[in-house]
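Only one structure is covered here, and it is reproduced in the block below.
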Amino acid sequence: MSIRVYRNAAIRTGDSGNPSAQAMAVDGERLLAVGTEAEVREAAGPGAELIDLEGAAVLPGLYDAHIHTAQYAQSLDAVDLRDVRSLDDALARVAAHAARLRPGAWLFGGRWNSNTWDPPAQPDRYALDSVCPELPVALPSIDGHTVWANSAALRLAGIDAGTPDPVGGEIVRDASGEPTGILRESASYPLRDLMVSADLRDQLRAAQEELLALGLTSVHDIDGEDCRAAYRQLHADGELKLRVHKAIPMIHLDAAIAEGRRTGQGDDWFRTGPVKIFSDGALGSHTCHMSESFAGEQGNVGIAVTPYEDLVKLFARAAGAGIAVATHAIGDQANHLVIDAYEAIGPTSGLRHRIEHAQHLRPGDLARMARLGIVASMQPVHCTSDIDLVDSLLAGHELASYAWRGMLNAGVALAFGSDAPVEHPDPFAALYAAVTRTRPDGTPAGGWQPEQRLSMAEAITAHTLGAAYAAGEEDHKGVLAPGKLADFIAVDTDPYRESADAVLRTQVLTTVVGGDVRWRRI
Numbered sequence: 001m002s003i004r005v006y007r008n009a010a011i012r013t014g015d016s017g018n019p020s021a022q023a024m025a026v027d028g029e030r031l032l033a034v035g036t037e038a039e040v041r042e043a044a045g046p047g048a049e050l051i052d053l054e055g056a057a058v059l060p061g062l063y064d065a066h067i068h069t070a071q072y073a074q075s076l077d078a079v080d081l082r083d084v085r086s087l088d089d090a091l092a093r094v095a096a097h098a099a100r101l102r103p104g105a106w107l108f109g110g111r112w113n114s115n116t117w118d119p120p121a122q123p124d125r126y127a128l129d130s131v132c133p134e135l136p137v138a139l140p141s142i143d144g145h146t147v148w149a150n151s152a153a154l155r156l157a158g159i160d161a162g163t164p165d166p167v168g169g170e171i172v173r174d175a176s177g178e179p180t181g182i183l184r185e186s187a188s189y190p191l192r193d194l195m196v197s198a199d200l201r202d203q204l205r206a207a208q209e210e211l212l213a214l215g216l217t218s219v220h221d222i223d224g225e226d227c228r229a230a231y232r233q234l235h236a237d238g239e240l241k242l243r244v245h246k247a248i249p250m251i252h253l254d255a256a257i258a259e260g261r262r263t264g265q266g267d268d269w270f271r272t273g274p275v276k277i278f279s280d281g282a283l284g285s286h287t288c289h290m291s292e293s294f295a296g297e298q299g300n301v302g303i304a305v306t307p308y309e310d311l312v313k314l315f316a317r318a319a320g321a322g323i324a325v326a327t328h329a330i331g332d333q334a335n336h337l338v339i340d341a342y343e344a345i346g347p348t349s350g351l352r353h354r355i356e357h358a359q360h361l362r363p364g365d366l367a368r369m370a371r372l373g374i375v376a377s378m379q380p381v382h383c384t385s386d387i388d389l390v391d392s393l394l395a396g397h398e399l400a401s402y403a404w405r406g407m408l409n410a411g412v413a414l415a416f417g418s419d420a421p422v423e424h425p426d427p428f429a430a431l432y433a434a435v436t437r438t439r440p441d442g443t444p445a446g447g448w449q450p451e452q453r454l455s456m457a458e459a460i461t462a463h464t465l466g467a468a469y470a471a472g473e474e475d476h477k478g479v480l481a482p483g484k485l486a487d488f489i490a491v492d493t494d495p496y497r498e499s500a501d502a503v504l505r506t507q508v509l510t511t512v513v514g515g516d517v518r519w520r521r522i
């Protein structure tokens, strides 16, 4: 393969020693030279292939530090309830989707948010049965921590009036003790195990095109072992176009250790990531673990999905086997206990442990995170999506909420992502949220808790080098410099020069991974 020179561009390298450039030379999958066009063409030699980027702005490839790519892939062909505003509307959409499915198929999708329905109403299985009595239906809520199931799905999972609540979960019941079809946290796991797509490889193949079109060149995938197997097959077949850092579900930790898996194991396209552990639930489901009751819900402090003693044992077991830990924690009590557990196991050389979401913390815990080297893996759009929920459910709580500025000031490493399909995977929406702390319509004016805003450069770093750092990949990914992987995007908006509103509307023109154009806007 000849050396390629990508030229005629406003390149924002992310490299503090050489922040701007006009051209880059690529030799194989790595950058050979970055600088002025004259410098780069001299380094490349006379036989280099020239590729004109036509004056576009160029950024390092964006890296989503927390995404469920299998669920996202499935959502592309599933029922989408995110924008419905009543139970009747939700049922009408489920019925229309069910009519297109073959007999016996699972009805995938969901992402409903009954907090926004008019009137707000917790749905039940009888409502689903009325429009879909035979096909099994299990619909995760918008935050993914509550599942709304019909009677057929409950039967397949073996959940009935005699089924006890599992540790870290709740089977919601009616006055007679019968399951209503609402399953919270770990109570939904039996259904999730059944909801396996037979054609996941095909779905992931299509989904990666969508992600490349958004400017994503690497992902930290948080889904299950079926997703891992599908990615490995795509890689073996030469069909993987973006780089995958693949998490291990907690329930597969022992099997992964027995196989000899270690964090960082693999190649530049597919590596083993951390084990994913749940500490608590989510704010929208009223299950995140708080130190004080939710406003108007005296006694409800959420759910400790994994008890503290078990966290310590799991952390120690994983770290002792060379596997980093990524722990879901949203409530302030959950975050406090996770930090305690990381501190309890002591230093673990070569591993970077993480808190996924890290949404609501006690202010004093920011410095503890920094001291212990815990990475904050956060999703900026969660902040702007949750403004009303936080103001209503956590009123009066003394918290550092989505405290990006406070974290950076304390020395906490930030890694940004989307949590798709909970949110849309568009990274430019995340950059907009991080620098404005407003919704896409500009509300609230001036931003919600604006003292926690980031600069655009800081937000881009969290979505590139920060995500690479969380994976232990910062030595070869996240900035555009000689010797680094040639992963970059050309876009129609220069985020370092134009407004946040313009950045929100950014269109990706070309996505390059490993020196090859993997996606181009027609």
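Okay, so the sequence shown: first residue is 1 according to the UniProt record's numbering, each after it adds one.
All C-beta atoms in this analysis are idealised placements derived from N, C-alpha and C, irrespective of residue type, glycine included.
Item	Value
C-beta contact flag for Ala-490 and Val-58 at 9 Å	yes
Sufficient close CB pairs (3 or more, under 8 Å) joining the segment 263-279 to the segment 219-234	yes
Spatial distance of Leu-200 from Ala-206 (CA atoms)	10 Å
Distance between Trp-404 and Glu-423 (C-alpha atoms, nearest Å)	19 Å
CA nearest to the CA of Ala-467, picked from Leu-62, Ala-43, Gln-22	Leu-62
Buried versus exposed call for Ser-114 [16 or more other C-beta atoms within 10 Å across all chains shown]	buried
Span separating the alpha-carbon of His-328 from that of Ala-420	15 Å
Gln-507 burial status per 10 Å Cβ neighbour count (16 or more: buried)	exposed
Residues near Asp-27 by beta carbon distance below 7 Å, same chain, minus five either side	Ile-3
Enclosing beta strand (DSSP E) for Arg-354 [first to last residue]	354-357
DSSP three-state assignment for Asp-80, whether helix, strand or coil	strand
Under 9 Å between C-beta atoms of Met-407 and Ala-457	no
Cβ neighbour criterion (16 or more within 10 Å) applied to Asp-15	buried
Coil, strand or helix - Asp-385 by DSSP	First, the amino acid is wrong: residue 385 is Ser here, not Asp. In this structure, Ser-385 counts as helix in the three-state DSSP scheme.
Those runs of the alpha helix (DSSP H) which lie wholly inside the segment 372-426 and span at least 4 residues	380-385, 387-393, 404-410
Nearest-angstrom Cα separation, counted from Asn-300 out to Arg-232	43 Å
Spatial neighbours of Phe-488 in its chain, beta-carbon cut-off 7 Å, leaving aside the 5 residues before and after	Val-58, Leu-59, Pro-60, Gly-61, Leu-480, Val-512
Counted within 10 angstroms of its Cβ, other Cβ atoms place Gln-71 as buried (16 or more) or exposed	buried
Separation of Ala-152 from Leu-372, as counted between CA atoms	47 Å
Distance CB(Ala-500)-CB(Val-435) smaller than 9 Å	yes
Beta-carbon proximity list for Ser-188, same chain, < 6 Å, skipping 5 on both sides	Val-147
Minimum C-alpha distance to Gly-320 - residue among Ala-73, Asp-267, Ala-258, Pro-363	Ala-258
Counted within 10 angstroms of its Cβ, other Cβ atoms place Ser-75 as buried (16 or more) or exposed	buried
Residue closest to Leu-91, alpha-carbon to alpha-carbon, out of Asp-129, Asp-77, Phe-294, Ile-387	Asp-129
C-alpha gap between Val-517 and Arg-354, whole angstroms	32 Å
Own chain residues within Cβ distance below 6 Å of Ala-161, not counting five before or after	Gly-177, Glu-178
Span separating the alpha-carbon of Ala-138 from that of Gly-417	26 Å
Best match in Glu-297, Leu-314, Arg-12, Arg-82 for proximity to Gly-55 [C-alpha to C-alpha]	Arg-12
Through-space distance from Gly-514 to Met-290, alpha-carbon basis	44 Å
Identity of the residues DSSP links to Ala-138 by a beta bridge	Ala-149
Where the beta strand (DSSP E) containing Pro-60 begins and where it ends	57-60
CA nearest to the CA of Ser-392, picked from Ala-105, Glu-297, Gln-203	Glu-297
Continuous alpha helix (DSSP H) stretch holding Ile-11: start and end	Run containing Ile-11: none in the alpha helix (DSSP H); it sits in the beta strand (DSSP E), 10-12.
Of the residues His-145, Leu-211, Leu-212, the one placed nearest Arg-184, counting alpha carbons only	His-145
Paired residues, beta bridge with Thr-327 - DSSP	Ile-277, Ile-355
Short Cβ contact (9 Å threshold) for Ala-410 with Leu-465	no
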